[in-house]
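Step one of this worksheet: look at the structure below.
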Amino acid sequence: MTSVTLHHTEFGLLDLTLQSKRAMQPTPERINAELRGLGLLDSVVASAKSWGRELCALTGNTTLVAALDGFELKIHVMETLRKFLLFDDPHLVVSFHRGRNRSVGSVEQVCILYNRQHPGCAVSDALVSLVLLGEANWPEDATPSTLREFAMAAQIEQRARRLKLGLIELTLEDLEEINDIRKALDLGIPQAAVDMLCSFCRRCYTCKGMEIEAVKRYTAPLFDEIPRRSIEAYALSPSTPSDLLFLPDFAVVA
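Going by my numbering, the first residue of the sequence shown is number 7, and it counts up by one from there.
Laid out in structure tokens, this is it:
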């Protein structure tokens with residue numbers, strides 16, 4: 007006889023029906039531990055800034071979503087609990103979506119293994135930890151290596167929020183370019199940073215439809231990070247003559 011247990015939770019219906027010979031009937035203690043963990047997860051997500059909720063039209067269950075420009079990370083809460091309770095599967099069910107256009111984007115199942123050093127702990131506790139990692143902007147020493155690409159994108163986006171670039175609408179490509187400019191400065195090649203920043207300025211003018219004076223005004227904080235003498239040296243031999251239009255006035259005044 008098929009055993010059926012259904013539990014209504016903050017994230018949807020937890021269906022623990024034994025539909026496979028490999029499935030094991032979880033104990034009431036394990037189920038209750040997971041339900042308590044879901045209550046904590048719900049309260050953490052309620053105050054989270056980097057996570058949202060998405061309702062699955064097929065199951066009616068709630069998926070947790072962290073979205074960036076061109077990327078989405080999704081935590082499938084009910085599926086994680088079901089696999090853990092019925093099949094003792096310690097993997098968190100997480101998917102990584104790439105691409106702004108869903109019809110041409112890609113979806114990858116991310117391998118994240120629940121650390122079972124403390125037997126009896128609920129897998130929902132691991133989901134709480136994953137959400138909190140996102141809230142902490144994915145610190146490198148604690149983030150699973152399989153999330154490295156998403157973590158890097160999140161860190162670049164956070165750095166961009168601190169930039170004072172006025173009305174410039176920054177894409178992920180822009181943020182990566184700005185990150186590369188800063189890397190060039192860290193590596194001690196400031197003239198390469200000027201070259202890349204001028205390329206960014208040209209794109210703001212040609213692709214974003216901004217006026218030259220507006221580009222200069224809003225990129226001034228970035229030029230301020232570059233040594234003045236390096237900007238002056240670049241002005242003497244720019245990669246493209248039009249770069250002189252975007253350099254600070256002190257570099258091109260005769």
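Ideal Cβ positions, reconstructed from N, Cα and C, are used throughout, including at glycine.
Whose C-alpha, out of the options, is nearest the C-alpha of residue i?
{"i": "Y211", "options": "L203, V221, M202", "result": "V221"}
{"i": "T86", "options": "R235, Q115, G76, A63", "result": "Q115"}
{"i": "D230", "options": "R104, A241, L253", "result": "L253"}
{"i": "K214", "options": "N143, D180, Q25", "result": "D180"}
{"i": "C62", "options": "K55, Y120, V83", "result": "V83"}
{"i": "Q161", "options": "N143, D131, V200", "result": "N143"}
{"i": "G43", "options": "E146, R59, A190, T15", "result": "T15"}
{"i": "L26", "options": "S49, G58, R88, E60", "result": "A small correction: the amino acid at residue 26 is Ser; Leu does not occupy that position in the sequence shown. Comparing Cα positions, the closest option is R88."}
{"i": "G58", "options": "E217, M216, D147, G140", "result": "G140"}
{"i": "M202", "options": "S49, Q164, E219, T225", "result": "T225"}
{"i": "Y120", "options": "G66, D95, S236", "result": "D95"}
{"i": "N38", "options": "D131, S112, G105, G66", "result": "D131"}
{"i": "S236", "options": "L191, P247, R209", "result": "L191"}
{"i": "T246", "options": "V200, R223, C127", "result": "V200"}
{"i": "S243", "options": "G194, A198, Q164", "result": "A198"}
With distances taken between CB atoms, is the gap from residue i to residue j smaller than 8 Å?
{"i": "I118", "j": "H97", "result": "yes"}
{"i": "E40", "j": "V137", "result": "no"}
{"i": "L20", "j": "V51", "result": "no"}
{"i": "F93", "j": "R36", "result": "no"}
{"i": "L91", "j": "L22", "result": "yes"}
{"i": "F77", "j": "A157", "result": "no"}
{"i": "T68", "j": "F17", "result": "yes"}
{"i": "A72", "j": "S56", "result": "yes"}
{"i": "V134", "j": "L12", "result": "no"}
{"i": "C204", "j": "D255", "result": "no"}
{"i": "E183", "j": "F206", "result": "yes"}
Roughly how far, in whole angstroms, is the beta-carbon of residue i from the beta-carbon of residue j, given that I think they are within contact range, below 8 Å?
{"i": "V100", "j": "L74", "result": "That belief does not hold up - the Cβ atoms of V100 and L74 are roughly 15 Å apart, past 8 Å."}
{"i": "L251", "j": "I187", "result": "At roughly 18 Å, the Cβ-Cβ gap does not stay under 8 Å, so L251 and I187 are not in contact."}
{"i": "P196", "j": "P233", "result": "5 Å"}
{"i": "A239", "j": "V258", "result": "The Cβ separation is near 13 Å, so there is no contact."}
Look up residue i in the DSSP assignment and give the residues it is bridged to.
{"i": "V263", "result": "This structure cannot speak to residue 263, because the chain is shown only from 7 to 260."}
{"i": "G18", "result": "T15"}
Under 7 Å: does the beta carbon of residue i sit that close to some heavy atom of the ligand HEM?
{"i": "T11", "result": "You won't find the ligand HEM in this model; it holds no ligand whatsoever."}
| Uninterrupted alpha helix (DSSP H) stretches inside the stretch 135-170 (no shorter than 4 residues) | 154-167
| Can you give, in chain order, each stretch of the beta strand (DSSP E) that sits fully within the stretch 39-89 and has at least 3 residues? | 58-61, 68-74, 77-81
| request: Enumerate, from N- to C-terminal direction, the unbroken beta strand (DSSP E) stretches of 3 or more residues contained entirely within the stretch 166-243. | output: none
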